[in-house]
Amino acid sequence: MPDLPTPQNAAEAALLSECWDAVLSYADLCTSGSAAATLLATEAFTHGIDELRAATAASKSTGTGRRALRLPRIPLLLASVRTVAGAWETNGLGHRLDPDLRLWLHSDKAARYIGPPLHRPLALRGLRDMQEPDAVLLWLAEVESLPLSAVARRLGLDPAAASSELAQVRALFRDRCHRNHIDTPMDAYCRSYARLLDAVTRSPTAETPEDLSRHLARCVECAEAAACLRLHGGGLPAALSSGVIGWGGLAYLERRRRAAEAGMIGGRTDAAVDTGLNEGKPVRPRIGRTGILVTAVLVSALALTVSLMPFGGSKGGGVSAAQGESTDGQPVADPGPSFPSGSESGSGAGSGSRSAGSPAVADSTSRPAGNSDPEAQGESSSPAGRQGGAKGSTKSASPDCRVKYEIVSEWPDGFQAAVTVTSTKALATWSLGWTFKDGQRVGQMWDGTFIQNDSHVTATAADYNRTVAANGTFTFGFLGSWTGSNSPARNFTLNKASCQAVG
0 MPDLPTPQNA AEAALLSECW DAVLSYADLC TSGSAAATLL ATEAFTHGID
50 ELRAATAASK STGTGRRALR LPRIPLLLAS VRTVAGAWET NGLGHRLDPD
100 LRLWLHSDKA ARYIGPPLHR PLALRGLRDM QEPDAVLLWL AEVESLPLSA
150 VARRLGLDPA AASSELAQVR ALFRDRCHRN HIDTPMDAYC RSYARLLDAV
200 TRSPTAETPE DLSRHLARCV ECAEAAACLR LHGGGLPAAL SSGVIGWGGL
250 AYLERRRRAA EAGMIGGRTD AAVDTGLNEG KPVRPRIGRT GILVTAVLVS
300 ALALTVSLMP FGGSKGGGVS AAQGESTDGQ PVADPGPSFP SGSESGSGAG
350 SGSRSAGSPA VADSTSRPAG NSDPEAQGES SSPAGRQGGA KGSTKSASPD
400 CRVKYEIVSE WPDGFQAAVT VTSTKALATW SLGWTFKDGQ RVGQMWDGTF
450 IQNDSHVTAT AADYNRTVAA NGTFTFGFLG SWTGSNSPAR NFTLNKASCQ
500 AVG
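Residue numbers for the sequence shown follow numbering that gives the first Met the number 0, beginning at 0 and rising by one.
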C-alpha cells in the first residue's frame, strides 16, 4: 500500500488533518471493502496534494501573487477520489470498486466531468468560479454540515457575523451559477425558459408556472440549474454534493451530516467535539453512550440483588449461576449475548458481575495468593468455586478477541494508524482501549470516536458500525502525533476484556 505524501509544510499537515476523514468517507462509498477504501483514499490524497503543489508552483511562477480559481481543498480531494477510481477501472482494478460506481464511470454522467467545461455540472462550475475563502465557507457549512461556530473558528471569521457572511456567500454562489447557466450552450426551447427560471427561483413565495414545471420534469440540465439557483427550501447542500462530487454525492452528504451530529468531523479543535457533543446544540449524551449507561445500571442492580439474597452454606445448596458457578461447583457456560458494559471478560463474580462504573458487589474475598495474573479469564472468587479446586478455577485458552495495530504511514511528528479487531463473540457495541508507550496523542479518528487520558485511549463505535457478528471484524483509523519514538500501542482491551495483539 503506498504511503501518504509527507507534508512539506504546516499548511499540508493541516490539509491532511482536516481532510483525510472526508476523503476516506467517500472512498469507502466507492469501494467494495475497507482495505480497498484506504488504498483508494491514499492514492487520491497523493494525487490531490500533487495537484495543489503544482497549482501553487504555477501561481508563484506567474508573479501575480493571486491564486488561480479552483475547487476548495475538500471537494478537490473528493474529485481526486473519482479520478483515481476511473483510473482503477481503466487499468483492470475495477473489481475493487462498487458495482454501481463502475456502471456510472461508463455513462454519459461521468463523461460530463472530463468533457468540455461549458457542459460540466453547473454546481461544479459555480463553486470553481468563486474565490477560495468563499467557496470553503459554503462547502464546510452546507456539505460537511459543520456548525457555524466551528466554521468561523476554522476560517478565522467573527462568529457573530458568520451567519450573514454565509448568506452573502450563498447569494454569490447563486450569481455564479446563473452566469454559467446563461453561458451554457442550450437549445432554443431551454433558453426560452432561462429568464423565467431565474425569476421563479429568486423568491421563496413565487409559484412555478405549469409549463415550466413540465419542462423541468423532462430536462435534466434545467432541473439541475433550478436546484442550484433556488437558495430557499433546503436543497442547496444536495445540489452542491451531487453536482461537485458526482456519483454517491447524496450518500456522502448524509454520511457527513451523521458524522457532524455525532461530533466525528475531522479537524477537531476542542474537547466538546472529542466527547461527541455537537457545538451550537444543547449538550446531550449520544444515543450509543446512553444505551451503554442504561445497560450498566441494570446489570449493577441485578448483581446487587443477587448478592443480597440468602444462599445455602453447602456446595450444592444454592450457589447462584449468576455468580458464574453451577450447583455442582462447575463453571457455567457463557450466558449468551453479552452486555456492552465490560461484563464479557469472564463469568466469575470478580469480573462478570460488575459493570462499568459500578461497585464490585460479589468480590468479597481476594483471589488465591498463587494467582498473580490480574487479567485471568473465567476465575471464580466465590467460596464454592475455591472449594471445587481445579474445577472452580479455570482459565480460558485464549482471549475472545484479536487486534491488529498497523502504522500505515509516518512523517516527522505525525502518523496514520489502522486498527482491525476480530471478536469471537457477537457484540451489540464495542469499546477498544489501549495504552501508548511513548506519549503519542490521537488527533483525529474515523469510523469511531475517542477519549484520551494521558497515555490511555478509548475508542468507541460510530452509530453505523456498532454491531459485530460472532467471529466478525471491525476497523477504524486515526491520525496521531509523536515525539522521539512511535512504538506500537499495547495493552488492548475490548469492552474491558483483555484482547490479544497480533502482528
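Just so you know, even glycine gets a beta-carbon here, dropped at the ideal spot from N, CA and C.
- Nearest in C-alpha terms to GLY432, of all of ASP453, LEU92, LYS424 and LEU137, is ASP453.
- Secondary structure remark: continuous alpha helix (DSSP H) runs of at least 4 residues inside the stretch 74-131, in chain order: 98-104, 107-110 and 121-127.
- Nearest Cα to ASN179 within the set SER162, ASP197, GLN167 and TYR188: ASP197.
- Residue pairing from DSSP places GLU409 in a beta bridge opposite PHE414.
- With a threshold of 16 other beta carbon atoms within 10 Å, ASN470 falls short and is exposed.
- A straight line joining the alpha-carbon of SER148 with that of GLY91 spans about 45 Å.
- Remark: C-beta atoms of GLU50 and LEU28 do not approach each other more closely than 8 Å.
- Excluding residues up to 5 positions away in sequence, ASP412, GLY413, GLN439, ARG440 and GLY442 lie with their Cβ nearer than 7 Å to the Cβ of SER480 in the same chain.
- Here ALA458 carries a strand assignment [DSSP, helix/strand/coil].
- Per DSSP, ALA427 lies in no alpha helix (DSSP H) and is assigned neither H nor E.
- Looking at HIS214, LEU77 and LEU154, the one whose alpha-carbon comes closest to that of ALA43 is LEU77.
- Excluding the 5 residues flanking it on each side, GLU405 has same chain C-beta neighbours closer than 8 Å at ALA416, ALA417, VAL418 and THR419, in chain order.
- Here THR474 is actually not in contact with SER430; their C-beta atoms are around 15 Å apart, not less than 8 Å.
- Note on THR466: under 16 other CB atoms within 10 angstroms of its CB, so exposed under the neighbour-count rule.
- Per DSSP, LEU249 lies in no beta strand (DSSP E); the unbroken alpha helix (DSSP H) holding it starts and ends at 248-260.
- Taking C-beta separations shorter than 8 Å and ignoring five residues to either side along the sequence, the partners of VAL83 in its chain run LEU39, GLU42, ALA43 and HIS46, following chain order.
- Burial check for SER162: the Cβ neighbour count within 10 Å stays below 16, so the residue is exposed.
- The alpha carbon of GLY502 has as its nearest neighbour, out of VAL135, ARG401 and ALA134, the alpha carbon of ARG401.
- Residue burial is scored here from C-beta neighbours: VAL219 has fewer than 16 other C-beta atoms within 10 angstroms and is therefore classed as exposed.
- Cβ-Cβ distances below 6 Å link SER33 to THR474 in the same chain, with the five nearest sequence neighbours on each side left out; the list follows chain order.
- ALA461 sits away from ALA226, with the two beta carbons spaced by 8 Å or more.
- In the DSSP assignment, ASN470 falls outside any alpha helix (DSSP H), carrying neither H nor E.
- In this structure, the straight-line span from the alpha carbon of ASP133 to that of LEU239 is close to 14 Å.
- Per the coordinates, the alpha-carbon of LYS436 lies some 29 Å from the alpha-carbon of ALA36.
- CA-CA distance, ALA259 to ASN494, rounds to 25 Å.
- With a beta-carbon spacing of about 15 Å, TYR251 and TYR112 fall beyond the 8 Å limit used to define contacts.
- For LEU493, the enclosing beta strand (DSSP E) begins and ends at 489-493.
- The beta carbon of ARG256 sits closer than 8 Å to the beta carbons of SER144 from its chain, once the five residues preceding and following it are set aside; these are given in chain order.
- Rounded to the nearest whole angstrom, the C-alpha separation of VAL407 and THR183 is 45 Å.
- Closest option to VAL168, judged by alpha-carbon separation, among GLU409, LEU136 and LEU15: LEU136.
- Assigned with DSSP and collapsed to three states, ASN452 falls in strand.
- When C-alpha distances from PHE491 are compared across ASN464, SER484 and THR434, the shortest belongs to THR434.
- Going by DSSP, ARG440 is part of no alpha helix (DSSP H) but of the beta strand (DSSP E) stretching over 440-445.
- Here the alpha carbon of LEU211 sits roughly 15 Å from the alpha carbon of ASP186.
- Per DSSP, VAL501 is one residue of the beta strand (DSSP E) stretching across 499-501.
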